[in-house]
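All letters in the sequence shown, in the order written, are residues -21 to -1, 1 to 283 by mature numbering (1 follows the signal peptide of the UniProt record, and there is no 0). Cβ atoms here follow ideal geometry from the backbone N, Cα and C, with glycine treated the same way. The structure presented is a predicted model; accordingly, all values stated were derived computationally and were not measured.
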Amino acid sequence: MLSRLVLAVVAIAAVVPLLPAQTPEFTRTEDVIYGRKFGLAMTLDVFTPKGKKNGAAVIMVISGGWYSAHEGINVGFFAEMLKRGYTVFAVVHGSQPKFTIPEVLDDMHRATRFVRSNAKKYEFDPDRIGIMGASAGGHLSLMQGTAFKPGNEKAKDPLEQISSKANAVGCFFPPTDFLNYGKEGELALGDGVLKGFRAPFYFMEADPRGGFKEITDEAKRKEIGKAISPAYHVSKDSAPSLIIHGDADKLVPIQQAEVVIAKFKEKNVPCELVVKKGKEHGWPGIDKDIITIADWFDKYLPAK
């Protein structure tokens, strides 16, 4: 089971060269702790370009099937960002089957806040943070651009006083609406097309008799499904978002991209959907499409 999950997180990276021929020079700082939970250290790796920095940062979400591991960090996936002077933060979140999607989202909020809080240290503008990922990583990226948490000035934790909003999103084939997955009314909360990903949807609640129990009530599950779906969080304040999606994708139907793009357009949020004809869930040469994401970040994370 674990080996399949590791394969899930590296599947997209596998079609990207580990080190492109013209990979820029960089320094890598590994295992930087951005938080702790249940005795576990939550970490990220920092990639700092040795050449001229452009004063902006990119968060690379390491996630496939909501499983995250350091083995999934592929410099080739974000080499273009380093080439253009972005400081890159490769975030590893708590993984299924131990943690559910709502818990993973908590990790991403904290990671984004941590990155923003260290803007001075790593020499970038805290209001110029992009986020990128593929599949589950794309879903988590969109959530940071739509369902972000504002800073709470009264919070005891200094990080919670900082916004978790990403300022621009660029992603590949993200799930966006778990209540209407592929077609109207089709649930995908660990069932249907996503029946092979049951663990991250194993939602729990307190049991009056003590401990916790699985939430089986359909109405409650739908409520959580809505809360973790980017399509229901789009507002005029959402981050400019780019989605690249294959129209032959069976795991995450292109309808998922179309749904959220329509929401962005309703709210006049800058957005774009790049359709890859005949492509499925990942494709050889996807590294060329990463250039499109880099161009998006250049446009929406401009120097002030």
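Quick one: what's residue i bridged to in DSSP?
i	result
I222	C150, L252
I41	V71
R63	None, per the DSSP bridge assignment.
K215	For K215, which the question treats as bridged, DSSP gives no partner whatsoever.
D24	A69
Run through DSSP, which three-state label would residue i get?
i	result
R15	strand
residue 358	Past the boundaries of the shown model lies residue 358; the chain is included only from -21 to 283, so the question cannot be answered.
G161	coil
E132	coil
Y101	helix
P281	coil
A167	coil
A58	helix
R7	strand
K192	strand
F243	helix
Buried or exposed: residue i, going by 16 or more other Cβ atoms within 10 Å of its Cβ?
i	result
N131	exposed
G190	exposed
N53	buried
L168	buried
A35	buried
R177	exposed
If we ignore side chains and look at the alpha-carbon of each, how far apart do residue i and residue j end up?
i	j	result
M111	R188	42 Å
K32	S47	28 Å
I12	T91	12 Å
H260	L230	7 Å
Y65	P153	23 Å
D136	D85	14 Å
V83	S208	13 Å
F5	H88	26 Å
Report, in whole angstroms, the separation of the C-beta atoms of residue i and residue j, which I expect to be a contact under 8 Å.
i	j	result
A145	G109	7 Å
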